Amino acid sequence: MLKRFPIKAKLTFGALAPLFVAFFICSLAGLYIINDKIASQAQEKVRTDLNSAREVYRNELDRIREMIDLTATNPYNSSSIVAGDPEIQALLRQRLYKKRLDILTAVDAKGRVLYRAHTPSLAGDLQKSYFVQQALKGVAVTGTALMGEQELAREGVALADRATIPLVSTPHARPRSDTVEKTGMVMVAAAPLRNHAGQVIGALYGAVLLNNNNALVDKIKQIVYEGVQFNGTDVGSATIFLGDARIATNVRVSNGARAIGTRVSEEVYQRVIVEKKKWIRRAFVVNDWYFTAYEPILDLQGKAIGSLYVGMLEKPYTHMQKSVNSILYMVLFVTSLIGLAVSGFIATLLARPIKELEKLAHRVARGERNLQMEVHTKDEVGDLADAFNLMTKALSRQEAEIGLLHRALELKVEERTAQLSDKNRLLLQTQADLARAEKLADLGIVAAGVAHEINTPLAIIRGNAEVMEMCLPPDHPNHEEVEIISTQTERMAKIVGNLLTFARQKSLNQREFLVHEILDDIVAQIRHQVPMDAISVQWEYDMNLGPVTGDTDQLRQVFSNIILNAVQAMLPEGGTLRLTTRPHGPGNGCEVEIRDTGKGIPPEHLEKIFTPFFTTRDSGTGLGLSVSYGIVRDHGGDIQVSSTPGAGTCFKIVLPGETETGQRAQEKSEDI
């Protein structure tokens, strides 16, 4: 039984469903747009932050360059430096500390070190760095360069120690065989030393070591992010990479220490260092997700030796997204409640006349007639009420007409039944074949008369039943009674059709046909009428059997009746249906055996099965086998039946060939 679903709920659902669908789609689109916009804006800000960090980095380079240029461009200073003037050397040491330089060194025209402000005791070695060679050529240079461990040690032992950074393996980092980074990355500026004649007599260079130098990255973070925090954690961070290793950073590990020595992923390394391109994307940095931006740091010869990184913690934006999403969900929830209340109120108003119509329909089902419903609206509900009023009036008229027709039909049936019973009693008194032939002839005449007499009132009943069925809605309480009337009139029409067939008022339309094709087609059709899952069909056809001559439609009816009876006799237990064919006599005659393993036919019923109106089923008419017997006899053939109760039944239909049929016709004419 289907669960009741009130019309009010249906109307409410129908009104709210499109609204909810629209809300759902809009909310998804809105969330996607908001989240995408927030993420894109955050990533764009990081791109801008990278530009700002680059300017801070360049400003630091400019500071070093200005100091070197200021010292080296004075011819007096240049000559004094080359001459080893103690006062000038003291000035260089003062500027080393005052300008926060790690290296400040002077070389002669051949590149030999004259004086190191950081380590005055070390001098005389040959300096072959690219920036020194360029300065000795008269070209002032500023940029980023790499210095090896020994070179740093000559510039100052403390510098070599500071440049040493233990490497920490991180997920997705490229493999490296070494575990310690000893190369130093320096911000360097070099300028030529010229005498009063303008000749290059040496060079002066100064540098700041970036390894473990967190002042620059802290300055970048302070300028770009101004110390903004989220839940006690700095939102922004900056890092300087040497190759793939962090040598200066304010990114923190889980214990709060700076993530010096941790390494960047292989993907970022390939993009920034190998391909010399920027990387601007969301990434997992050390222990959290960041919106990140990387750009390569190139040395004076254009080679990528490291990268500059800025990143912004993703959590504040994720928190913002959740807040916006929560507000949107709350708005959708509140608007849905309001829509539900408004829709429910409207549905109640619309369902009220339908409920009234339901009550009147129940009263009609209990037998009340001529009920009328008041119409208050000019819409589909009003049209439904008008239709209901018309239906109740028509129902009253049709019930009266059906009553009259039913009483007339009963009188006709009683009269014809009495006549038919008299004829049957007379026919049973005759002998074997002659009695059967005369009985069939008389019954044919009676059946034709009864069929023709019944057809007219039956057509009227059937027509009125169809009109009532069309007028009643599918859920009307009286719809079932009207369907019963239609079903019974269909059954009566079938009986009338069988009576007409029994009367055999149709002439034989003989033509050649293949018995095997008809039998296969009948089995296929019966599978759609009754369940045959438990029944096995066996075909024992004689493949040499050719076309047979006869009325295809009438013989199809014979085979259909017998096969259907065999199938029904085996249900529901199941069994085996065996179809056998073989040639018969001269010409193109044949024998067809239809055998089942059903319940069988009791001996007392076996001799009555071809008697008209004899049946053992409540729904049967008793004419199927009688009609079949007459059709076969009209073809000059015969039906034989044998049965064992509990073991099954076998029907054998014999159809003579054209030669045999002609001989029988000739014998009859000679007898006449």
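Going by full-length UniProt numbering, the sequence shown opens with residue 1, and the numbers climb by one from there.
Ideal Cβ placement from N, Cα and C applies to all residues, glycine included.
Quick caveat: nothing in here was measured; it's all calculated off a predicted structure.
- For Ala245 against Gly261, the beta-carbon gap comes to about 6 Å, under 8 Å, which counts as contact.
- Relative to the Cα of Val264, the nearest Cα in the group Thr170, His605 and Met470 belongs to Thr170.
- The continuous alpha helix (DSSP H) containing His605 extends over residues Pro603 to Leu606.
- A straight-line Cα-Cα distance of about 16 Å links Val324 and Ser40.
- DSSP, reduced to helix, strand and coil, places Arg271 within a helical segment of the structure shown.
- Within 10 angstroms of the beta-carbon of Tyr97 lie fewer than 16 other beta-carbons, which makes it exposed.
- Under the rule that a run must span 3 or more residues, the beta strand (DSSP E) segments found entirely inside the stretch 521-601 read 535-540, 548-551, 575-584 and 589-596.
- Here Pro656 is buried: its Cβ has 16 or more other Cβ atoms, across all protein chains shown, within 10 Å.
- Contact between Val274 and Tyr294 does not hold, since the beta-carbon distance rounds to 12 Å and is not under 8 Å.
- Contact annotation, Tyr76 with Phe131: C-beta distance approximately 24 Å; criterion of less than 8 Å not satisfied.
- Following the DSSP letters along the chain, one finds Asp108 inside the beta strand (DSSP E) bounded by residues Ile103 to Asp108.
- At a Cβ-Cβ threshold of 8 Å, Gly202 and Asp108 count as neighbours.
- Ser78 and Arg194 do touch by the CB rule: their CB atoms are close to 6 Å apart, below 8 Å.
- Nearest in C-alpha terms to Ala361, of all of Lys322, Val548, Ile402 and Pro473, is Pro473.
- In this model, Arg407 and Lys393 are separated by some 22 Å (Cα to Cα).
- Look at Glu314 here: in three-state DSSP terms it is coil, with no helix or strand label.
- Boundaries of the beta strand (DSSP E) harbouring Ala248: Ala245 to Thr249, taken from the DSSP string.
- Contact between Ser628 and Val515 does not hold, since their C-beta atoms are separated by about 15 Å, which reaches or exceeds 8 Å.
- For Ser626, there is no enclosing beta strand (DSSP E); the residue is found in the alpha helix (DSSP H) stretching over Gly624 to Asp634.
- With distances taken between CA atoms, Asp69 lies nearest to Val188 out of Val188, Arg617, Glu44 and Pro166.
- The Cβ atoms of Ile594 and Val567 lie no closer than 8 Å to each other.
- Taking C-beta separations shorter than 6 Å and ignoring five residues to either side along the sequence, the partners of Phe651 in its chain run Ile562, Ile594 and Val641, following chain order.
- Counting the other CB atoms within 10 Å of its CB gives Asn213 a total of 16 or more, which places it among the buried residues.
- Under the DSSP assignment, Asp218 falls in the alpha helix (DSSP H) whose first and last residues are Asn214 to Tyr225.
- In this structure, Gly550 places its C-beta atom within 8 Å of the C-beta atom of Gln510.
- Taking 8 Å as the cut-off, the beta carbon of Ala365 is found closer than this to the beta carbon of Asn478.
- For Ile88, the uninterrupted alpha helix (DSSP H) segment begins and ends at Pro86 to Lys98.
- Here DSSP, grouped into helix, strand and coil, assigns Gln372 to coil.
- Rounded to the nearest angstrom, the gap between the Cα atoms of Asn424 and Gln398 is 37 Å.
- Nearest to Asn370 by alpha-carbon distance, out of Gly382, Thr249 and Ala387, is Ala387.
- Nearest Cα to Gly367 within the set Leu404, Ser396, Leu61 and Leu349: Ser396.
- Taking 8 Å as the cut-off, the Cβ atoms of Ala160 and Ala153 count as close.
- Scanning Thr73, Ala341 and Gly156 for the CA closest to the CA of Asp102 turns up Gly156.
- Relative to Glu512, the option among Val537, Val286, Asp542 and Thr552 whose CA is nearest is Thr552.
- Between the alpha carbons of Gly403 and Ser421 lies a gap of roughly 27 Å.
- Of the residues assessed, Thr487 falls on the exposed side of the cut-off, its CB having fewer than 16 other CB atoms within 10 angstroms.
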